[in-house]
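A.B. asks: One structure, as structure tokens, below. Some questions next.
Numbering (the numbering used here), first residue to last: 689 to 951.
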């Protein structure tokens, strides 16, 4: 069968002819990219480091290349279930089914609530209001929580928003919403604009970091530090994520993209 007449050919044709737009949902990855910082006595992941090898010079007159060092959970990144103790018997980045890297994006807008309260966490009521307007979230979907937080990416002070109490005050997902999405809706996982998929103060919740706990316990995934969510429709975009195939990896930096059909 010719690629011109099958469904894949239609997708390629749509991209080539600008009927389908490709939206980059990934932050720029460099040595200034913010990474999560845990309090003592916990160990922290490293940031991104660029190690030049040669650039058309005596070390390599005809070629330019570099080494880099990066934590698995650095920049726009993917959390595998084994990242958390509750998911320790589930998928790593090397064992997750390939089809789980592609799914519909359901974008829930809570920017108004977050503007009023930076600690705001997505609720089951928010999800049901979304479903009343846009239809029930289907199995094998990604739920992306649009908070507007990516606008602070270039300002570390605002991005982490550490208060006088020493706690970061950034939005997240409630325990109840995590359970509802992972069990009742059987989604692939959730995506956020903040440095991690839980609220900044989620270490004080019970259990601590409930989205990590319940999503990964259910063998679901997490995406963090996304951007450009305002360019996606509430329903209908196709999200594609592609973590590196790191043996026994708990996560990976990714280039997340979305396919959006133009009106």
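For glycine and all other residues, C-beta sits at the position ideal for the given N, C-alpha and C. Note that the coordinates shown come from a computational prediction; the quantities given were computed from them, not determined experimentally.
Buried or exposed: residue 827, going by 16 or more other Cβ atoms within 10 Å of its Cβ?
C.D. replies: Answer is exposed; the Cβ neighbour count stays below 16.
A.B. asks: What number of angstroms, rounded off, separates the C-alpha of residue 949 from the C-alpha of residue 908?
C.D. replies: Near 27 Å, if we compare the C-alpha coordinates of residue 908 and residue 949.
A.B. asks: Please tell me whether residue 834 and residue 951 are closer than 8 Å, where the distance is taken between their beta carbons.
C.D. replies: Not in contact: residue 834 and residue 951 (Cβ atoms no closer than 8 Å).
A.B. asks: Can you give me the C-alpha to C-alpha distance between residue 785 and residue 851, rounded to a whole angstrom?
C.D. replies: If you take the alpha carbons of residue 785 and residue 851, they lie about 40 Å apart.
A.B. asks: Quick check on the DSSP output: the alpha helix (DSSP H) that includes residue 865 runs from which residue to which?
C.D. replies: Run containing residue 865: 863-867, per the alpha helix (DSSP H) assignment.
A.B. asks: With residue 765 and residue 940 assumed to form a contact (beta carbons below 8 Å), what rounded beta-carbon distance in angstroms separates them?
C.D. replies: Sure, about 6 Å apart at Cβ, within 8 Å.
A.B. asks: Just to confirm, are residue 912 and residue 885 a CB contact at a threshold of 8 Å?
C.D. replies: For residue 912 and residue 885, yes; Cβs fall inside 8 Å.
A.B. asks: Between which two residues does the beta strand (DSSP E) holding residue 879 run?
C.D. replies: That run of the beta strand (DSSP E) goes 877-879.
A.B. asks: Quick check on the burial criterion: 16 or more other C-beta atoms within 10 angstroms. Buried or exposed for residue 751?
C.D. replies: Exposed, because fewer than 16 other Cβ atoms sit within 10 Å of the Cβ of residue 751.
A.B. asks: Along the chain, where does the alpha helix (DSSP H) that runs through residue 797 open and close?
C.D. replies: Run containing residue 797: none in the alpha helix (DSSP H); it sits in the beta strand (DSSP E), 790-797.
A.B. asks: Using DSSP's beta-bridge definition, name the partner residues of residue 743.
C.D. replies: Answer is 752, bridged to residue 743.
A.B. asks: Alpha carbon to alpha carbon, how far is residue 746 from residue 734?
C.D. replies: If you take the alpha carbons of residue 746 and residue 734, they lie about 31 Å apart.
A.B. asks: Considering only the beta carbon of each residue, do residue 719 and residue 743 sit closer than 8 Å?
C.D. replies: It is not a contact, given that the beta carbons lie outside the stated cut-off.
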